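Undergrad:
Residue numbers (the UniProt record's numbering): 1 to 106.
1. When burial is assigned at 16 or more other CB atoms within 10 Å of the CB, is residue 45 buried or exposed?
2. Alpha helix (DSSP H) containing residue 80: first to last residue?
3. Straight-line CA distance for residue 5 to residue 12?
4. With C-beta atoms as the reference, is residue 76 less than 8 Å away from residue 52?
5. Which term fits residue 74, buried or exposed, when burial requires 16 or more other beta carbons within 10 angstroms of its beta carbon?
6. Among 93, 26, 14, which one has its Cα closest to the Cα of residue 80?
7. Can you tell which of 24, 94, 37 has its C-alpha closest to the C-alpha of residue 70?
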């Protein structure tokens, strides 16, 4: 009985993280905190990256990995969790700086 419960629970947890982060880039907690998962190149993560990120959570002491800059599940899957407002502002500023001196043709 306990084994079946654990198996169902783990299936639910893995499905939740994989589906939410792949399709929406966010879990419920990330909606609340205004954060999102992106690939290190700033794009939407691939399903394999999300799958790797999710399976990395199994590692014992994963919670301690946040003593560094990024969690192990981020480092191992080439993903990052970003603050959406700050990221949007910074990418917009970067685009504006890159466009300085670019002549518009009317």
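Every residue gets a Cβ at the ideal spot worked out from N, C-alpha and C, and that includes glycine. None of the values given here were measured: they were computed from a predicted structure.
TA: Working from what's here:
1. The residue is buried, with at least 16 neighbouring Cβ atoms inside 10 Å.
2. Element bounds for residue 80: not the alpha helix (DSSP H) but the beta strand (DSSP E), 79 to 83.
3. Cα-Cα distance, rounded: 11 Å.
4. Yes; because the gap between Cβ atoms is below 8 Å, this pair is in contact.
5. Taking all protein chains in view, the Cβ of residue 74 is crowded by 16 or more other Cβ atoms within 10 Å, so the residue is classified as buried.
6. Among 93, 26, 14, the Cα nearest to that of residue 80 belongs to 26.
7. For residue 70, the nearest C-alpha among the options comes from 37.
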